[in-house]
Amino acid sequence: MIIVGLTGGIGSGKSTVINHFKELGVNCYQADEEAKKLMDSDKDLIKKIQNSFGDNIYINSRLDRKKLASIVFTDKKRLDLLNSIVHPVVNEHFTNYCINLNEKYIIKEVAIIFETRTQDKFDKIILVTAPKEERINRIINRDGCNRQDAIDRINNQKNDKDKIDQSDFIINNIDIEDIPEKVLEIHNAISNSI
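Numbering of the sequence shown is given in the numbering used here, commencing with residue 14 and proceeding in unit increments.
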């Protein structure tokens, strides 16, 4: 089974792209979504997060995501610490998820493939890009944060220019109406290469 990484900066439109792959019947694993679930359910992971960020980072057994974001998106060392705690758990979860699958390929959506230097774990990589101002507006609308918070989140990730040469496919998410056709082209290219 081929493992295809789908990545892109925050607010680039990865979720829109992955939904179109799902419509084509492609099995998709969304690492960020799974991480959120695991951070609320995996007792060992919860303990590690509390040990690193304080017991009060959880309220009524639910992670206070806004509080955590305010800590990690203004302090790169704290963000790296969080990633070092969460990513191994998510990677193990993904490995277990794949054990009994019988698919030609699976897409694993990971926002920070290049930032974590894990690009070698994928057979192909799809990069989703979008103009910075568009990304800022999407983050503000989606997360209810202010403009500076959105910019801080973008600045904590690598620039798209640094990722393009290492990606097999690029989707420029400028016009949402073009996405289905681009996804179908990539789907056919991957399917025909297997």
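Built from N, CA and C at the ideal position, the CB exists for glycine as well. Nothing here was measured: the structure is a model prediction, and the numbers come from that model.
Whose C-alpha, out of the options, is nearest the C-alpha of residue i?
{"i": "Asp173", "options": "Asp165, Asn185, Asp162, Ala163", "result": "Asn185"}
{"i": "Leu95", "options": "Asp156, Asn115, Thr129", "result": "Thr129"}
{"i": "Ile138", "options": "Ile152, Lys145, Ile119, Asp156", "result": "Ile119"}
{"i": "Asn168", "options": "Leu92, Arg78, Gln63, Ala48", "result": "Leu92"}
{"i": "Asp156", "options": "Arg78, Lys90, Phe34", "result": "Arg78"}
{"i": "Val103", "options": "Glu46, Ile187, Arg75", "result": "Glu46"}
{"i": "Glu147", "options": "Gln132, Ile164, Thr131", "result": "Ile164"}
{"i": "Gly21", "options": "Leu37, Asp175, Leu197", "result": "Asp175"}
{"i": "Ile126", "options": "Leu19, Met14, Gly67", "result": "Leu19"}
{"i": "Asp188", "options": "Gln132, Asp178, Gly26", "result": "Gly26"}
{"i": "Asp178", "options": "Asn201, Arg151, Gln132", "result": "Gln132"}
{"i": "Arg166", "options": "Ser83, Ile31, Ser204, Met14", "result": "Ser83"}
{"i": "Leu81", "options": "Phe66, Lys89, Ala48, Met14", "result": "Phe66"}
{"i": "Glu36", "options": "Arg151, Arg75, Val196", "result": "Val196"}
{"i": "Leu140", "options": "Phe182, Arg151, Gln170", "result": "Phe182"}
{"i": "His106", "options": "Lys50, Val85, Arg75", "result": "Lys50"}
{"i": "Phe86", "options": "Tyr71, Arg151, Gln170, Asp68", "result": "Gln170"}
{"i": "Ser28", "options": "Arg151, Ile72, Arg75", "result": "Arg151"}
Just how far apart, CA to CA, sit residue i and residue j?
{"i": "Asp191", "j": "Asp136", "result": "25 Å"}
{"i": "Gly24", "j": "Ala143", "result": "8 Å"}
{"i": "Pro193", "j": "Asp53", "result": "33 Å"}
{"i": "Arg160", "j": "Ile149", "result": "7 Å"}
{"i": "Lys145", "j": "Leu114", "result": "37 Å"}
{"i": "Asp162", "j": "Lys134", "result": "31 Å"}
{"i": "Gly38", "j": "Lys117", "result": "11 Å"}
{"i": "Val17", "j": "Lys121", "result": "6 Å"}
{"i": "Val30", "j": "Val123", "result": "13 Å"}
{"i": "Ile153", "j": "His200", "result": "31 Å"}
{"i": "Cys9", "j": "Ser180", "result": "Examination of residue 9 is not possible in this model, given that the chain is present from 14 through 207 alone."}
{"i": "Lys90", "j": "Asn64", "result": "16 Å"}
{"i": "Asp88", "j": "Asn205", "result": "44 Å"}
{"i": "Asp68", "j": "Ala48", "result": "19 Å"}
{"i": "Glu198", "j": "Ile70", "result": "43 Å"}
Which residues bound the beta strand (DSSP E) around residue i?
{"i": "Ile15", "result": "15-21"}
{"i": "Leu211", "result": "Residue 211 is absent from the model: the chain starts at 14 and stops at 207."}
{"i": "Phe182", "result": "182-185"}
{"i": "Lys121", "result": "118-122"}
Along the chain, where does the alpha helix (DSSP H) containing residue i start, and where does it finish?
{"i": "Ile164", "result": "160-168"}
{"i": "Lys171", "result": "Element bounds for Lys171: n/a, residue is neither H nor E."}
{"i": "Gln9", "result": "Outside the displayed span of the chain (14 to 207) sits residue 9, for which this structure offers no information."}
{"i": "Phe66", "result": "56-66"}
{"i": "Glu5", "result": "Outside the shown range of the chain (14 to 207) lies residue 5, about which nothing can therefore be said."}
{"i": "Phe86", "result": "Phe86 -> no alpha helix (DSSP H), and no H or E assigned at all."}
{"i": "Phe34", "result": "27-36"}
{"i": "Ile192", "result": "192-206"}
Since residue i sits in a beta bridge, which residues does DSSP pair it with?
{"i": "Gln132", "result": "DSSP lists no partner for Gln132."}
{"i": "Tyr110", "result": "None; Tyr110 has no bridge partner."}
{"i": "Arg75", "result": "Ile72"}
For the structure I just gave you, are there three or more beta carbon pairs, one from the stretch 33-46 and one from the stretch 93-110, closer than 8 Å? A contact exists between the stretch 33-46 and the stretch 93-110.
Contact between the stretch 55-67 and the stretch 85-100: three or more CB pairs below 8 Å? Yes: at least three Cβ pairs fall under 8 Å.
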